[in-house]
Amino acid sequence: MIAQVIASTTDASLVEILSGNERLDAELAFLGTPVHAFRPAEPVRHFVRNNDWSDVKVALFCTYSLHPGKTIRWMREKIERAGGEVIGELTVKGEHPFLPLIARGHPDERDVQKARKFAKEVLRKARG
Numbered sequence: 403m404i405a406q407v408i409a410s411t412t413d414a415s416l417v418e419i420l421s422g423n424e425r426l427d428a429e430l431a432f433l434g435t436p437v438h439a440f441r442p443a444e445p446v447r448h449f450v451r452n453n454d455w456s457d458v459k460v461a462l463f464c465t466y467s468l469h470p471g472k473t474i475r476w477m478r479e480k481i482e483r484a485g486g487e488v489i490g491e492l493t494v495k496g497e498h499p500f501l502p503l504i505a506r507g508h509p510d511e512r513d514v515q516k517a518r519k520f521a522k523e524v525l526r527k528a529r530g
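Residues in the sequence shown are numbered consecutively from 403, following this note's numbering.
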């Protein structure tokens with residue numbers, strides 16, 4: 403849901419990372435992941451490791467139910483080491499697929515507004 407909000411706010415294409423073998427072809431990328439065991443989902447970890455981030459501006463976001471852990475930091479460090487520039491970070495509470503009482507009702511309207519604001523700020527930064 404948060405990815406869809408960001409894509410619609412920025413008029414961007416939404417690409418789902420299924421295997422991690424997808425190729426990055428952008429000067430600006432919003433990269434998001436659900437948090438799995440306090441880390442990015444495996445396909446996203448694979449995607450981050452296996453792409454050339456040189457001269458790419460990146461905005462990172464994640465959804466979590468318990469705690470974001472080191473998710474954003476892990477992605478930022480890998481991307482920056484590979485030549486990318488992280489220009490924004492967002493964490494948003496999201497519903498847990500197996501424990502529905504944890505973070506029930508999230509993302510909510512406040513989370514959606516937070517994502518819209520984040521997307522607009524990133525676009526402003528990317529344009530200079």
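Don't be surprised by glycine CBs; every beta carbon is placed ideally from N, CA and C.
Everything numeric in this text was worked out from a predicted model, so none of it was measured.
Span of the alpha helix (DSSP H), counted from its first residue to its last, around residue i
i           : result
residue 482 : 473-483
residue 445 : 444-451
residue 405 : 404-412
residue 524 : 511-529
For residue i, the first and last residue of its enclosing beta strand (DSSP E)
i           : result
residue 487 : 487-495
residue 430 : 430-438
residue 460 : 459-466
Between the CA atoms of residue j and residue i - distance to the nearest angstrom
i           : j           : result
residue 518 : residue 408 : 6 Å
residue 529 : residue 443 : 30 Å
residue 525 : residue 513 : 19 Å
residue 441 : residue 471 : 6 Å
With 16 other Cβ atoms within 10 Å as the buried cut-off, status of residue i
i           : result
residue 416 : exposed
residue 468 : exposed
residue 431 : buried
residue 496 : buried
residue 423 : exposed
residue 453 : buried
residue 420 : exposed
residue 447 : buried
residue 428 : exposed
residue 485 : exposed
Residue from the options with nearest C-alpha to residue i
i           : options               : result
residue 535 : 458, 492 and 484      : The question about residue 535 has no answer here: the residues shown for the chain are numbered 403 through 530.
residue 436 : 455, 425 and 463      : 463
residue 523 : 496, 489 and 506      : 489
residue 476 : 420, 439 and 497      : 439
residue 425 : 521, 450 and 403      : 450
residue 509 : 482, 418, 466 and 520 : 466
residue 455 : 481, 445 and 434      : 481
Contact test: residue i Cβ vs the ligand PLP heavy atom, cutoff 6 Å
i           : result
residue 417 : For the structure depicted, the ligand PLP is absent and the ligand set is empty, with no information on it obtainable.
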